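*Asks:* Numbering of the sequence shown is given in numbering that gives the first Met the number 0, commencing with residue 0 and proceeding in unit increments. Glycine residues also receive a C-beta, built at the ideal position from the N, C-alpha and C atoms. This one's a predicted model, so the numbers in the text were calculated from it and none came from an experiment.
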Amino acid sequence: MDAATAEARLLDAAETLFDERGVQAVGMDAIRSASGVSLKRLYQLFPSKDELLEAVLRRRDETVRSGIERATAAHESPRERVLAVFDHLEEWFGQDTFRGCSFINAYGELGGVSPGVAAIARANKRSLQDHFATLVAAAGTPPGHTDRLAAQLAVLANGAMATAGITGSQDPARHARDAAETLLDAADVRS
0 MDAATAEARL LDAAETLFDE RGVQAVGMDA IRSASGVSLK RLYQLFPSKD ELLEAVLRRR
60 DETVRSGIER ATAAHESPRE RVLAVFDHLE EWFGQDTFRG CSFINAYGEL GGVSPGVAAI
120 ARANKRSLQD HFATLVAAAG TPPGHTDRLA AQLAVLANGA MATAGITGSQ DPARHARDAA
180 ETLLDAADVR S
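Structure, rendered in structure tokens:
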């Protein structure tokens, strides 16, 4: 098995196990067993569980960003692009594998003791807020209000992620979308 295949298998197995059980409950041997990659090769590619977790989170960050960008790009109006983020979240929350936001979960477990995890989680959350800022700026939101509205939308999205992870329901995405519409109306962001 070449290094790229082994790495992909390890990342897939680790992501699944971390999502299902949490990071601290999963040992490297469980990841080795689930991936079919030898323990020696695992440690050659990822000398520590922290390094493996950070690689999982970086890969997940790319997936999340591209998913949100695709969802928003499918709409023409700036308002619909903003709301498409919440529609994307609803679809994600309905997946059988959804166990909450990987970044919120990992930060909750390790953010206080792992600067790498904290940095990746913060960058992911910042990118969502920046994406909202780009969308609301394109809608003609006055410059002084763009950052504030983007921050409010990001809080709604992240709150929906946390709540959906706990409740196992898609409802938080719909509720957050409704609240986002209210914010957009107040900011006079129309289709």
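1. Pull up the CB-CB distance for residue 164 and residue 175, whole angstroms please, since I reckon it's below 8 Å.
2. Going by C-alpha to C-alpha distance, which of 141, 88, 95, 115 sits closest to residue 155?
3. Assuming the contact rule is C-beta atoms closer than 8 Å, residue 85 and residue 172 should be a hit. Round their C-beta distance to whole Å, please.
4. Quick one: what does DSSP say residue 94 is sitting in, helix, strand or coil?
5. Considering only the alpha carbon of each residue, which of 110, 81, 148 lies closest to residue 185?
6. Give the range of the alpha helix (DSSP H) segment to which residue 131 is assigned.
7. Leaving out the 5 sequence neighbours to the left and right, which residues in its chain are closer than 7 Å to residue 105 when beta-carbon positions are compared?
8. Leaving out five residues before and five after residue 101 in sequence, what residues of the same chain have Cβ atoms less than 6 Å from its Cβ?
9. Roughly how many angstroms lie between the CA atoms of residue 107 and residue 126, to the nearest whole one?
10. Let me know the secondary structure DSSP gives residue 143 once reduced to three states.
11. Are the beta-carbon atoms of residue 78 and residue 130 separated by less than 9 Å?
12. Under 9 Å, do residue 36 and residue 12 count as touching if we go by C-beta distance?
13. Could you tell me which uninterrupted alpha helix (DSSP H) segments, each at least 4 residues in length, are contained entirely in the stretch 25-105, listed from first to last along the chain?
14. Give every residue of the same chain whose Cβ lies closer than 8 Å to the Cβ of residue 16, excluding the five residues on either side of it in the sequence, and list them in chain order.
*Replies:* Put simply:
1. In the sequence shown, counting from the first residue as 1, residue 164 sits at position 165. In the sequence shown, counting from the first residue as 1, residue 175 sits at position 176. Between residue 175 and residue 164 the Cβ distance is about 13 Å, and since that is not below 8 Å, they are no contact.
2. The residue given as residue 155 occupies position 156 in the sequence shown. For the residues 141, 88, 95, 115, the minimum Cα distance to residue 155 belongs to 88.
3. Taking the sequence shown and counting its residues from 1, the one referred to as residue 85 is at position 86. Taking the sequence shown and counting its residues from 1, the one referred to as residue 172 is at position 173. That belief holds up - the Cβ atoms of residue 85 and residue 172 are roughly 5 Å apart, short of 8 Å.
4. Position 95 of the sequence shown holds residue 94. Three-state DSSP puts residue 94 in coil, outside helix and strand.
5. Mapped onto the sequence shown, residue 185 falls at position 186. Nearest option by C-alpha distance: 148.
6. What you label residue 131 is simply residue 132 of the sequence shown in a count that begins at 1. Unbroken alpha helix (DSSP H) run through residue 131: 114-137.
7. Residue numbering aside, residue 105 sits at position 106 when the sequence shown is read from its first letter. Around residue 105: 22, 52, 56, 116, 120.
8. For the purposes of this step, residue 101 is taken as the residue at position 102 of the sequence shown. So the list reads 59, once near-sequence residues are dropped.
9. Translated into positions along the sequence shown, residue 107 becomes position 108. Translated into positions along the sequence shown, residue 126 becomes position 127. Their Cα atoms are separated by approximately 19 Å.
10. In the sequence shown, residue 143 corresponds to position 144, counting from 1. Helix at residue 143.
11. Taking the first residue of the sequence shown as position 1, residue 78 is located at position 79. Taking the first residue of the sequence shown as position 1, residue 130 is located at position 131. No, the Cβ-Cβ distance between residue 78 and residue 130 is not below 9 Å.
12. Taking the sequence shown and counting its residues from 1, one reaches residue 36 at position 37. Taking the sequence shown and counting its residues from 1, one reaches residue 12 at position 13. In contact: residue 36 and residue 12 (Cβ atoms closer than 9 Å).
13. 27-34, 38-44, 48-72, 77-92
14. Residue 16 sits at position 17 when you count from the first residue of the sequence shown. Taken in chain order, the residues that qualify are 25, 29, 30, 33.
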